[in-house]
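>
Residue numbers (the working numbering): 14 to 524.
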């Protein structure tokens, strides 16, 4: 079941905007009808596609007669009469941009309303592979369908005379980076961004490329992907027309697949948020997500491009949620500026391997940071999420660390960070031996605090402390005696020594 709110949010990315909404955005939408002037039958449906209506007012009247909750109609500046009629009839109005085809929009709407729970393991990709096969048969050449990041979505079974670049693309599920850079230099991606005309790409034996015909796949003005045909010379005019027409069909499939995947991601995201924030029915939520009972780790990801923080976050989330539900090990959500993934298993190296797989799938200019919480039972997932956040935050005090930071190895740093946060909120001691020694160092240019730290870290070993400070052990003895004259250290008491070394660690990040 899809709500009006969900339909509005999804269609906003496809050229439709909400103009008037006299009904609740939580109203359920269960069926779709399309206006047909040649069909005299009375139509009934929750979503009304007003194809070919003469005005917004006429579309609203037809939708009200069909007892629809929402109508989709072309228009830019409806008159007040349309708004009044919509209010009386209880019909929300979505205005469709002129350059969005009804065929594409209808595919999205039907996919959302009638096939809302269909995911990438359902009919969408299966149809896309079948479409690639049909197109390959029509053109007599191997075909690959890719998204806008050059990742393989489907490919034809025809492999006759397949070149090395095609085989590597299919095996790696994306265009090899050297080949992608070649296309970039030749202006292929610039052409796809601007033109709907097929383009011939010359062969390049060095990269194992025999030649390609490529055409953009769009939804309105948005580039969704591309179709690539392996060929050693440009296609004939007839076959170019077939390729151009096929791009529209592929666009409809990609829209439906993306709409279904968007809905599935939303459902998954909501369930994962419940897990990492804490829920009494964690076992039931795990079952709905298709995750087995046992232990888990929460992984926190952030992704940046240069100085633009979180610029690649959606890419990371898309990559974490791409693939067949049963083949993805974890389940993810995008919450605030972080992607959280609940990953089954207690093995920290398996978690790191998963992080690497996400990083390798992102463009090279993306910087991805990750924190891995400790292993946890289902009821402990909120604690693992907190640990993952704290591990992620450690990247700010460990500049240059690119690998994922795991709680298992970083718990001591995290403990100190927690204490520093408490100290920053004003809960650190304002007086005491450390404060008095710092004041003395500042006034007299002594090094008592550094000496005390070295002695404590060396656990009272004068020789080791002296080596750390590059002084003679007698110098350490002398300074300790002078410190005792400044403040009451009581170094013979273990509790006092422990408190002082904690305060030193918390108050000095360099420690």
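All C-beta atoms, glycine included, are put in the ideal place defined by N, C-alpha and C. The model shown is predicted, which means the values in this text are computed figures rather than measured ones.
Confirm, please, whether the CB-CB distance from residue 397 to residue 311 is below 7 Å.
In contact: residue 311 and residue 397 (Cβ atoms closer than 7 Å).
> With DSSP collapsed to three states, give me the class of residue 35.
Of the three classes helix, strand and coil, the one that applies to residue 35 here is coil, per DSSP.
> Is it right to say residue 61 is buried, meaning 16 or more other beta carbons lie within 10 angstroms of its own, or is it exposed?
Counting Cβ neighbours within 10 Å, residue 61 comes out buried, since at least 16 surround it.
> The ligand ADP and residue 245: does any heavy atom of the ligand fall closer than 6 Å to the residue's C-beta?
This structure lacks the ligand ADP, and indeed carries no ligand of any kind.
> Just reading off the alpha helix (DSSP H) that residue 519 is part of, what are its end residues?
It spans 507-520 - the alpha helix (DSSP H) in which residue 519 sits, taken as one unbroken run.
> Rounded to whole angstroms, what is the Cα-Cα separation between residue 203 and residue 389?
Roughly 47 Å separates the two Cα atoms.
> Within 10 angstroms of its Cβ, does residue 130 collect 16 or more other Cβ (buried), or is it exposed?
Note on residue 130: pLDDT 36, under 50, position unreliable in the model; the coordinate value appears next. So residue 130 counts as exposed.
> Whole angstroms is fine: what's the gap from residue 495's alpha carbon to residue 466's?
Straight-line Cα distance between these residues: approximately 15 Å.
> Check whether the region 98-118 and the region 79-90 touch, using three or more Cβ-Cβ pairs below 8 Å as the test.
Segments in contact, yes.
> Have a look at residue 387 and residue 401 and give me their C-alpha separation to the nearest angstrom.
Near 8 Å, if we compare the C-alpha coordinates of residue 401 and residue 387.
> Between which two residues does the beta strand (DSSP E) holding residue 292 run?
Unbroken run through residue 292: none, as it is neither H nor E.
> What's the gap between the Cα of residue 364 and the Cα of residue 188?
Between residue 364 and residue 188, the C-alpha separation is close to 26 Å.
> Which stretch, first to last residue, makes up the alpha helix (DSSP H) that contains residue 305?
Neither: residue 305 is in no alpha helix (DSSP H) and is coded neither H nor E.
> So what's residue 472 in DSSP terms, helix, strand or just coil?
DSSP places residue 472 in coil when its eight states are reduced to three.
> According to DSSP, simplified to helix, strand and coil, what is residue 504?
In this structure, residue 504 counts as coil in the three-state DSSP scheme.
> Which value, in whole angstroms, describes the spacing of the CA atoms of residue 145 and residue 111?
Taking the straight line joining both Cα atoms gives about 29 Å.
> Count the C-beta pairs between the region 249-269 and the region 224-234 that are closer than 8 Å, then say yes if the count reaches three, no if not.
These segments touch.
> Among the residues of its own chain, which have a CB less than 6 Å from the CB of residue 339, if the five just before and after it don't count?
Because the pLDDT at residue 339 is just 47, under 50, the model does not fix this residue reliably, and the value given afterwards should be weighed accordingly. Excluding positions up to five away in sequence, the list is empty.
> Under the DSSP definition of a beta bridge, which residues are partnered with residue 345?
According to DSSP, residue 345 bridges with 354.
> Could you work out which residue in 291, 293 and 278 is closest to residue 302 when comparing CA atoms only?
The shortest C-alpha separation from residue 302 is found at 278.
> With DSSP run on the structure shown, which of helix, strand or coil describes residue 249?
Correct three-state label for residue 249: coil.
> Name the two residues that bound the continuous alpha helix (DSSP H) containing residue 198.
Residue 198 -> alpha helix (DSSP H) spans 190-198.
> Would you grab the beta carbon distance between residue 55 and residue 70 for me? Rounded to a whole angstrom, and I think it's under 8 Å.
That pair is no contact at about 20 Å.
> Helix, strand or coil, according to DSSP, for residue 146 in the structure here?
Helix.
> Which of the three DSSP states is assigned to residue 325 in this structure?
Residue state, collapsed to three classes: coil.
> What residue from 432, 30, 150 and 38 has the CA that sits closest to residue 19's CA?
With distances taken between Cα atoms, residue 19 lies closest to 38.
> Would you check if the distance between the CB atom of residue 28 and the CB atom of residue 233 is smaller than 7 Å?
Taking 7 Å as the Cβ cut-off, residue 28 and residue 233 qualify as a contacting pair.
> Hey, could you find the ends of the alpha helix (DSSP H) residue 71 is sitting in?
Unbroken alpha helix (DSSP H) run through residue 71: 69-78.
> So, at 6 Å on beta carbons, what are the nonlocal neighbours of residue 43 in its own chain, with the 5 sequence-adjacent residues on each side left out?
Closer than 6 Å at the Cβ level, and outside the excluded window around residue 43, lie 59.
> In the structure shown, what three-state DSSP assignment does residue 169 receive?
In the structure shown, residue 169 sits in coil (DSSP, three-state: anything other than H, G, I, E or B).
> Take the Cβ of residue 384 as the centre, count every other Cβ of all protein chains shown within 10 Å, and call the residue buried at 16 or more, exposed below.
Result: buried.
> Keeping to the same chain, check which residues put their C-beta closer than 8 Å to that of residue 65; ignore five residues upstream and five downstream.
Excluding sequence neighbours, residue 65 sits near 48 and 50.
> Is it right to say residue 343 is buried, meaning 16 or more other beta carbons lie within 10 angstroms of its own, or is it exposed?
Buried, because 16 or more other Cβ atoms sit within 10 Å of the Cβ of residue 343.
> Rounded to whole angstroms, what is the Cα-Cα separation between residue 221 and residue 177?
Going by the C-alpha atoms only, they are around 5 Å apart.
> Bridge partners of residue 239, per DSSP?
Per DSSP, 159 and 229.
> Considering only their Cβ atoms, is the gap separating residue 304 from residue 316 smaller than 7 Å?
Taking 7 Å as the Cβ cut-off, residue 316 and residue 304 do not qualify as a contacting pair.
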